[in-house]
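Report on the structure given below.
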Amino acid sequence: MPATSHDVMPDIELYQPTDEANALELASTLGSDGWLLGGGQDTYGWLKDRNKSPAAMIELTQIDAWKGVKETADGVEIGAVTTLTEIANHPLVQAKFGLLATAASRVASPQIRNVGTLGGNLNQDARCWYYRRGLDCYRAGGNICYADSPEGLNREHAIFGASRCVAVSPSDTAPALVALDATMVVASTSGTRLIPAQDYFVGPARDIVNMTVLNEGEILTAVRLPNAWANAEFYFEKVADRNVWDFALVNVAAAIKVSGGSIADARIVCGAVECTPRRLEAVENAIRGQQRSEQLANQVASMATDGARPLNYNHFKVPLMENLVKRAIRG
Amino acid sequence: MNPKLTRRRFIKGVIASGAAATSTTIWYAANGAAKPPGAVERLIRINVNGQARSVDVASQETLASTLRYKLGLTGTKLGCNRGECGACTVLVNDVPSYACSVLTHSVKNMRVETVEGLESANGDLHPVQQAFVDELSPQCGYCTPGQVMSAVGLLRSNPNPTREEARQGMAGNICRCGSYDSYLNGVMRAAQIG
Amino acid sequence: MGEIVRYKRDVWGEEVILGVSWDLLWVVAVAVLVLLAAHAIIMAALANKKMDKPSSEGRRVVRHETIDRLFHWVMAASILILIATGVAPILGLRIAWLNIHWIAGLLLTFVVVFHIIRSLFWQDFKSMVLGPKDFGEPFDSAKKPGKYTFEQKGMHWAVTVVVLAVIVTGILLFMQIDTPFWDRTNSMPEDRLGLMFLLHGLSTLALVALAATHIYFALRPEKLFYTRSMVSGWISEDEMTANHDTSLWSPKEAD
Amino acid sequence: MAYMHIGKDFVPPDVPGKVTGRIKYAEDYARDGMVYARLLTSPVPHGRVVDIDASEALAMDGVFGILTADDVYPDGEPQSPGLKVLTNEPTLMGEPILAVAAIDEKTAENAMAAISLTIERLPFVLDPLDSLAEGGSDAYNGGNTFIFRQGFAEEKWTADQVESFKSGNEPTAEAQQSWEYGDLEAGFAAADFVHETTFSTAGYPHMSMEPRSAMAYWENGKCYLHGTSQSLSAIAEPMAAIVGVPLEDFVFINEATGGGFGQRARAGSIPSMAIPAKLSQKINRPVMMRVSREEEFTIGGARQGLQGWIKVGFKSDGTMSAMDMYCISDNGGKGGGGDANSAAAGVSALYQTEAMRFRNTSIGTNTGHRGAQRGPGENQIMAIVAPIMDKAAEELGVDRLEIRKLNAAQNGDVSGPRNTPFTSAYMPEALEQGAAQFDWEGKKGRSRQTNGSKVRGLGIGQGYHNAGRSGMDGIIRLMPSGRLQIHNGVGNLGTYSYASTSRAAAEVLKMEWENCDVVTGRTDRHLPITSPQDGSNSIFTNTRTCYGAAQDLLGKMKEIAAMDLGGVAADYEIDGSRIYQIADSNVGMTYAEVAQRGMELGGKFTGEAELPEELNTLTALSVSRLAGSALMGIYHDPRHNNNPPGFTVTFLEIELDTETGKFDILDLVTIAECGTVVHPQGLANQLRGGAVWGIGLSALERHLYDPQNGLPASSGFWQSKIPTYLDTPAEIGTGWVDLPDPENPVGARGIGEPSMGAVSAALNAAISDALGGHLFDSAPVTTDMIINHIAGVSEEAKPLAQNNFRG
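Right under this line is the structure:
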């Protein structure tokens, strides 16, 4: 049935646990029938379109333990259901990890940031318009990709790492977290596991229907930012068609440590070019030990797009990505 | 399309969703368990425009739906029902939110304010409303309630914004008539008279 | 359970086949396990009546040429890899399986083509022909086979059919993905694509069953000498005379 | 002239309701027993419904009934393009096939899933050039084009002809439509600079904020329809016909409309409103049909995209000596649109080219309905022509402002195929005023200045639209209380022209605005016919009718005064809501007294006799129902002479980042040349809104359909790229020339549409300027196109594509 027929929320149960144990229990019991709900800004469209039909929503935002920003011995821990607005405005995040504050402030629109959570922004689903339309493509468990074809409208799609599916990571905060070498805290009834941000996201080659390594019953509860990258020199930029709402055509998040005039260490990550945030290790290696300069930026920018494989309509992402990397290195 | 489809298993349970609604409760019932902590009750009280209202709210109901269809507060508009336009903006604990993209159950312990709740008891317009009248900010008016609520929310958190701050704060509201400039004039005027 | 085919909606919202229902994987697994277990139990019960195992000592005759053994093991490896990589995502294992899968598939295709050509022109093709007489073999203890037993021939031809099916559908599916050799075209209609996935899936299931059965028999004590022959090439004269009719199969002596 | 109301700001009566949320749009109404309808729409871009089996759905609890095309068209569907209420022969994906009514929307959607629809797929096409090419599919059943009075036809070019056009050459096939004036050959011969190029512009959706929801119920044989429109009274009669109810039994209620932009001007462009009316009639309950954003896209229509070829010649001094234009117009899945013709007429008006030829062929595609959208044709072509003007200026060594002044329209000039004179025209004045306000002389040196990765670009744009009809009616009533009731059938879609044109009546009668009521909002308040509120018509058209009706009333008042107080009508004057003798102002009557006297007299004074002969049907009906209720002014407006233009000029400066392809608009000034200004705040709003639309046209908005399957890909605000606060300047400078037009009693002309064209033109010119004069020959020019151009990446989009990227 065409999606045009649907515009209202169908019957779905709602659970609003107020403590962690209940939430984990619910997640474990309901498994794939339970939909983890942060601010819901990426959820309700799916449900209204009836393109995803979980039996129940488990709202995580009533759990105070998973909210807020707190300083820890070795950095800062941010609860997964902290809103993006709170992160963008939080003095501690701004002071130490301005990269994340900036990235959070560039997400969607003010109202979405007011309600949308960090966890939601990280775990949001792909924005490929074919997939969002409810077509039974690979990502929906089907056996075809409509976007990667001789005529597919794939201007916003991947230039790296495609494997049948060519959707990209839509998040603005994800590249920032990878650049900050964050750790994801993932809980379930069987305990807690810590996953480096870089390993948290998963591409279609490994898992074509999920964008993260979260298993059924697991919940992202917090993100830890290590002091190792606090107060580094940061650069975040998002280029989108419209300056509100739109997902990045390409975004870049960079953390660069400079000492004695040269680059001691760097982590540079681009979003919206691959199904996961793409860390540019070759570029990082090439700039380590070098003076931060325009010349250096120009020298290494093309390394950022080595191996890019553009589709019909997204060749522009190659120069755009190089330019953003250039700007990140230039500062 | 074949009616038999409904009995076949598809990769998405599009059609089954109506039936699925009760499945988790059935699961708990079948296992002899009481509904787990966190299960919601339908009859709830919500605080809208300073009044506590008792409403029968389905678990999946959006705030916009409750406001418009249960409480008759039709000032909150459904421009897209997808969080892409801002016409349904209301304040939840002073924070502008898209009522189409918030569950009523999520805000049951919070203060909800809609465009209908802004006038003072004697009928005077709120400074933002008055400024929007003075500047003739609205054109077709359909996005106006959302613009008003965003402006009120903005001025509560930042009573004296610069024009650029106002622009950033109002950015989550589309005006297809293109009255952005006039709305910003209104916000700046409201900041002065407010 | 109970369904063989999974459906999806095509781009127009109409029902088309998506592929095989992978629940069948469990059905197949359970069925094969049960059958093989039953076989094992029966064989164990009959064990005392069995004759002594023929000796592996003494003169050795050639059963499999090096090249054929190589073929067999390459084929076995590629099939196992294909099954493992194909089934992994169904089991929820997150590995980058697709490239390995199609590379293994190409390898399998290559060796199968090689084997077909070799068997037609350089091997004793007749030794593998399954004729009507062969069907009497299991019921007549006096009757011994030539080079290959009835069961071996049956297994061979079943594998042949299934592998050819999996290869043909696999190649057609291979053409629907991006590879270093070409870009995908989306040219196959969705209903036909679904049919290909269904056939590929069904032949995969059959292959899983056959592979499990084959491995089981290869590991059975009374058949182990065949397995050894697939490793080292020879069987003993005792093993040959106990199991084969030398008038129908007279292999040369092993080095 | 010193006016009491004209040119003054006021608070339009509906504004408080808009800021309080109290004003009602169609979807805000409710009625006891109301049920909800949802639409089942076509899942294919072109097909034929073979069977609908709704038995399972109808058996569900809470489902009240369905409505299909067979119910709406018992004698078969009309065989013409144009939107249908419901159809069994969809020619675009998302076209409504049936509606289900249920206790709530959720149940209706559940019911939808239980309906079995068997549909035969037919070949579809998404780009006019694909359909034109031999062997290409046709969008309609019966051809790929619809020729007026002839019906469906098939238009085919050879493959070579299509390829040659795509490679940038003049089309060689004969066009469906053409006109020409002047000596084209001589014009090009005289030219020192000739520019020839193919171009494409995107059609894109109107995307009014309010989806076209409607609610209907029947009571005592009358149909009450709460709907949305640009034209309250102009829509009533054709809408009644679509619903199938006599005009006198049809009440259309439409207090406020959440945006129109051309698509809600006529009943034929919003026939979906008849669905709840028909369904309500069938199931005997009030029916609310809320339309979703996606449906608003699929049935809401779009601007026409143009694929064209243009050749322009300039003499050495910069005079445009000849223009040759050939367009392929995308007629979409339901026909509609005359953009190309307006585009050519617009170029002719704005640039006063000495010789001109226009050719056009319109071809259907299985995409959204096409029709008028804010400055149809003119606004997209100006974005193509403005950068060409700059190229000519550069090549010929003429200042960019001067070349525009040289070719500008002024009083006495003519335009279009019939060389129609303007009623008045002051384009050079507008250009000068804009240049002064923007400080063109001071800023023009910044053109192409760089600062790091950023580069400045400046642009001048001009906009034009033929902005005024006539021949409509006016009704006003002086009540016994002394209040003036001005009946106005103009739609209320945010221009406030329903109120500002009413003020022409108050002006004539010198009445305080506080003592006037605008009667509008529903047709059973008895409204006169007005022009559909499209084409920037309201200001010109309805100030004429309101003014005329007030003159009629004034005449009657004077007649009554003379009758009662002696003398002749000419002895009387009015002021302060009194009519009095010029000779002795003590001898007079209050307006209330005159009204009461008029009611005693009856007859022609109360609309019971001596009505203007040419009154339109709806006006006559309204007058007959109002007859005897008050002292009435009734007027039928005669046709005016010549072409009342709306002109705009925009000056604009951008800073473009060559590394990201993004730009900021640093300064934007738009000047209107629209006769006397009636309502300054309203005018400023039109200029600002037009600017936002112009930015959308030139930089952002798009109309995408998946080329493989015909799926709409830009059905939400997100994918349509509707401009936001942060894509538009924080401040937009406005100004106006304010010189009266002789064909309008208060000197006014319309402006809504050209306000956009000047900005789209200026922005495209500024982008081109920033990129060293590169011509994209396209609108929009999007981020990716800019990046590709700068990086030297070859163009990814196909040449002249439609309903795809770049067009």
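Quick note, the sequences are listed as chains A, B, C and D, same order.
At position 293 of the first sequence (counting the first as 1) the number is 300 in the numbering used here, and the numbers step up by one without a gap.
At position 52 of the second sequence (counting the first as 1) the number is 61 in the numbering used here, and the numbers step up by one without a gap.
At position 216 of the third sequence (counting the first as 1) the number is 242 in the numbering used here, and the numbers step up by one without a gap.
At position 615 of the fourth sequence (counting the first as 1) the number is 598 in the numbering used here, and the numbers step up by one without a gap.
Beta carbons: idealized from backbone N, C-alpha and C, even for Gly.
Since the structure is predicted, the reported quantities are computational estimates derived from the model, not experimental observations.
Member of the options whose CA lies at the smallest distance from the CA of residue i
{"i": "A311 of chain A", "options": "A:P157, A:A289, A:F323 and A:N321", "result": "A:A289"}
{"i": "A223 of chain D", "options": "D:T766, D:T600 and D:I770", "result": "D:T600"}
{"i": "I93 of chain C", "options": "C:V46, C:I43 and C:R144", "result": "C:R144"}
{"i": "T92 of chain A", "options": "A:D81, A:V114 and A:E78", "result": "A:V114"}
{"i": "M119 of chain B", "options": "B:G59, B:V196 and B:G84", "result": "B:G59"}
{"i": "C783 of chain D", "options": "D:L167, D:A142 and D:G291", "result": "Note that residue 783 of chain D is Leu in the sequence shown, not Cys. Nearest of D:L167, D:A142 and D:G291 to L783 of chain D, Cα basis: D:G291."}
{"i": "S751 of chain D", "options": "D:G730, D:Q691 and D:S681", "result": "D:S681"}
{"i": "D640 of chain D", "options": "D:M272, D:E88, D:R439 and D:G351", "result": "D:R439"}
{"i": "R77 of chain B", "options": "D:E10, D:V32 and D:V606", "result": "D:E10"}
{"i": "Q201 of chain B", "options": "B:N167, B:S63, B:T75 and B:G132", "result": "B:N167"}
{"i": "T506 of chain D", "options": "D:E490, D:K493, D:C206 and D:E117", "result": "D:C206"}
Under 8 Å between C-beta atoms of residue i and residue j
{"i": "G181 of chain B", "j": "G95 of chain B", "result": "yes"}
{"i": "M154 of chain C", "j": "Y174 of chain C", "result": "yes"}
{"i": "G149 of chain A", "j": "D155 of chain A", "result": "no"}
{"i": "E50 of chain B", "j": "T113 of chain B", "result": "no"}
{"i": "P46 of chain B", "j": "G477 of chain D", "result": "no"}
{"i": "N475 of chain D", "j": "E163 of chain D", "result": "no"}
{"i": "N330 of chain A", "j": "T643 of chain D", "result": "yes"}
{"i": "S176 of chain A", "j": "E281 of chain A", "result": "yes"}
{"i": "G283 of chain D", "j": "H189 of chain D", "result": "yes"}
{"i": "N786 of chain D", "j": "D121 of chain D", "result": "no"}
{"i": "R387 of chain D", "j": "L414 of chain D", "result": "yes"}
Sequence-distant residues of its chain with Cβ nearer than 7 Å to residue i (five each side left out)
{"i": "Q579 of chain D", "result": "P463"}
{"i": "P28 of chain D", "result": "L75, M76, F107, N349 and G693"}
{"i": "Q131 of chain A", "result": "D49, P177 and S178"}
Same chain only: Cβ atoms within 6 Å of residue i, ignoring 5 sequence neighbours per side
{"i": "L649 of chain D", "result": "E636 and E638"}
{"i": "L198 of chain C", "result": "M222"}
{"i": "W719 of chain D", "result": "A655 and V660"}
{"i": "V502 of chain D", "result": "Q468, H470 and R508"}
{"i": "A780 of chain D", "result": "F788 and R789"}
Own chain residues within Cβ distance below 8 Å of residue i, not counting five before or after
{"i": "L245 of chain C", "result": "T253"}
Q | contact_flag[the segment 436 to 453 of chain D, the segment 662 to 672 of chain D] where n(CB pairs < 8 Å) is 3 or more | A | no
Q) Does the segment 426 to 446 of chain D come close enough to the segment 732 to 741 of chain D to have 3 or more Cβ pairs within less than 8 Å? A) yes
Q) Can you list, in chain order, the stretches of the alpha helix (DSSP H) that have 4 or more residues and sit fully within the segment 248 to 308 of chain A? A) 288 to 294 and 301 to 307
(Q) Going residue by residue through the segment 76 to 123 of chain D, where are the continuous beta strand (DSSP E) segments of at least 3 residues, counting only ones entirely within it? (A) 79 to 85 and 99 to 104
Q: Please confirm if the segment 138 to 151 of chain B is in contact with the segment 163 to 177 of chain B, defined as three or more CB-CB distances below 8 Å between the two stretches.
A: no
Q: Pick out the complete alpha helix (DSSP H) segments inside the segment 165 to 245 of chain C, 4 residues or longer, and give them in chain order.
A: 176 to 200 and 216 to 245
Q: Take every Cβ of the segment 726 to 734 of chain D, pair it with every Cβ of the segment 680 to 691 of chain D, and state whether three or more of those distances are shorter than 8 Å.
A: no
**Q.** Cβ contact (3+ pairs, closer than 8 Å) linking the segment 177 to 196 of chain A and the segment 273 to 286 of chain A
**A.** yes
Q: Within the segment 576 to 644 of chain D, note down every full alpha helix (DSSP H) run reaching 4 residues or more, in order along the chain.
A: 600 to 609
Q) Using 8 Å as the threshold, is the segment 82 to 102 of chain D in touch with the segment 287 to 305 of chain D, meaning 3 or more CB pairs across them? A) no
**Q.** Continuous alpha helix (DSSP H) assignments of at least 4 residues falling wholly in the segment 386 to 465 of chain D
**A.** 410 to 421 and 423 to 426
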